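I have placed the structure first, in the form of structure tokens, so that the comments after it can refer back to it.
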Amino acid sequence: MDIYLQDNYNAFHLAVLFSREDVIKNLLSRKADITIPAGPREQNVLHLVASRTGGSGASVAKMLLASGAKDFRLARDTEGYLPLHIAVEIGNMHVTKELLNMNGDLQVKATFGPKMENAFHAATRRRDIELLRILNDQGSPVDAVNADGQTALHIAAADGDENIVKYLHMLHANPNISDNEDRTPVLIAAERGKTTVVEILTEKFRASCLDRTKDGSTLLHVASFHGHPETALMLLKKGVPLHMPNKSGARSIHIAARKGHVGVIQTLLLKGEQVDATTNVKLIITEKKKK
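The letter at position 29 of the sequence shown is residue 29 when you use UniProt numbering, and the numbering goes up by one with no holes.
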């Protein structure tokens with residue numbers, strides 16, 4: 001019954017890959033071993049059905065799961081993926097539901113890949129609220145951090161996805177967690193010029209718009225450095241000080257001038273910044289001597 005082809009696929013693997021339900025039933029009745037891994041990533045048949053986007057995937061998954069193979073859902077491929085992770089990454093909602101009917105708590109907490117993310121991170125990257133709802137119902141940790149120290153809220157803020165950010169607010173996501181680069185979600189949103197997300201984070205999440213980075217930069221410095229005049233204007237309306245220097249003595253206008261962001265400079269000047277404002281410390285420029 002276990003006849004192998006290229007990449008170690010046997011007849012059962014191929015029947016699952018092509019959703020041949022009649023063949024699957026026949027092979028199951030003949031006691032085919034459905035736990036055997038195959039392919040370049042050594043995936044079992046649940047991994048394979050999770051990667052299929054066709055409408056028959058859920059019914060095939062149900063047949064496989066009914067076979068009673070122990071810990072079938074928790075098997076990892078060579079890259080550390082559970083079948084759930086594959087289903088979520090490609091947006092296979094129906095198979096995701098079938099997989100979570102048992103051992104859901106263990107699956108939603110499991111991490112995968114080099115970034116050590118969980119399924120909730122993956123659904124956030126897909127911008128899929130329905131998948132997030134399904135995972136949340138299974139107890140997925142909303143504030144879990146990946147290898148970069150980022151939560152789902154960091155990812156949604158970076159993407160500028162207003163709907164996901166609002167949904168995470170409903171789940172009481174923590175806006176004050178800093179990633180490995182000491183960035184909160186609101187700082188990342190300012191960095192990316194996601195003005196509306198900055199507003200949501202400061203208004204709904206009550207994230208502070210007056211926080212400063214380790215070098216003393218305000219959110220206005222951050223928006224100015226990255227060239228986002230609309231974000232800079234909104235931050236000024238929120239009360240971020242226009243004339244506040246960072247630890248190096250530079251104000252936001254100096255940061256924008258150094259990076260060549262004319263639009264930001266114009267915005268700051270219109271709001272009252274002095275065109276001849278100077279830094280609080282000396283600017284020292286050195287040149288390397290030619291050898």
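We treat Cβ as the ideally placed atom computed from N, Cα and C, and that holds for glycine.
Here the structure is a predicted model, which is why all the values come from computation and not from measurement.
{"Query": "Cβ-Cβ separation, Val49 to Gly39 (assumed contact under 8 Å), whole Å", "Result": "The Cβ separation is near 13 Å, so there is no contact."}
{"Query": "Whole alpha helix (DSSP H) elements within the stretch 35–118, 4-residue minimum", "Result": "45–50, 57–65, 83–89, 93–99, 104–109"}
{"Query": "Cα-Cα separation between Gly216 and Leu99, rounded to whole angstroms", "Result": "47 Å"}
{"Query": "Residues near Thr231 by beta carbon distance below 7 Å, same chain, minus five either side", "Result": "Ala190, Gly193, Thr195, Val198, Ala223"}
{"Query": "N-terminal and C-terminal residue of the alpha helix (DSSP H) that Gly272 is part of", "Result": "No alpha helix (DSSP H) holds Gly272; DSSP gives it neither H nor E."}
{"Query": "Proximal residues to Tyr9 (C-beta, below 8 Å), its chain only, five neighbours per side dropped", "Result": "Leu17, Ala38, Gly39"}
{"Query": "Distance, Ile188 Cα to Asp148 Cα", "Result": "13 Å"}
{"Query": "As assigned by DSSP and simplified to three states, the class of residue 298", "Result": "Here the chain has residues from 1 to 291 only, and residue 298 is not among them."}
{"Query": "Nearest-angstrom Cβ-Cβ length linking Ala256 and Thr279, presumed shorter than 8 Å", "Result": "Not quite, the Cβ-Cβ distance comes to about 13 Å (not below 8 Å), so this is no contact."}
{"Query": "For Val186, the first and last residue of its enclosing alpha helix (DSSP H)", "Result": "185–192"}
{"Query": "Reduced DSSP category for Gly263 - H, G, I as helix; E, B as strand; rest coil", "Result": "helix"}
{"Query": "Beta-carbon proximity check, Asp77 vs Gln43, cutoff 7 Å", "Result": "yes"}
{"Query": "Residue from Ile86, Asp179, Asp211, Gln138 with nearest C-alpha to Ala158", "Result": "Asp179"}
{"Query": "Coil, strand or helix - Leu171 by DSSP", "Result": "coil"}
{"Query": "Of the listed residues Val23, Lys271, Tyr167, nearest to Pro229 (C-alpha basis)", "Result": "Lys271"}
{"Query": "Alpha-carbon to alpha-carbon, Lys204 and Thr184", "Result": "15 Å"}
{"Query": "Ser140, buried or exposed, once every other Cβ within 10 Å from all chains shown has been counted against 16", "Result": "buried"}
{"Query": "Nearest-angstrom Cβ-Cβ length linking Leu171 and Val145, presumed shorter than 8 Å", "Result": "Rounded, the Cβ-Cβ distance is 16 Å, inconsistent with contact."}
{"Query": "Whole-angstrom C-beta distance between Leu233 and Ser252, which should lie under 8 Å", "Result": "Their Cβ separation, rounded to whole angstroms, is 12 Å, which puts Ser252 and Leu233 out of contact at 8 Å."}
{"Query": "Segments assigned alpha helix (DSSP H), at least 4 residues, entirely inside the stretch 212–239", "Result": "219–225, 229–237"}
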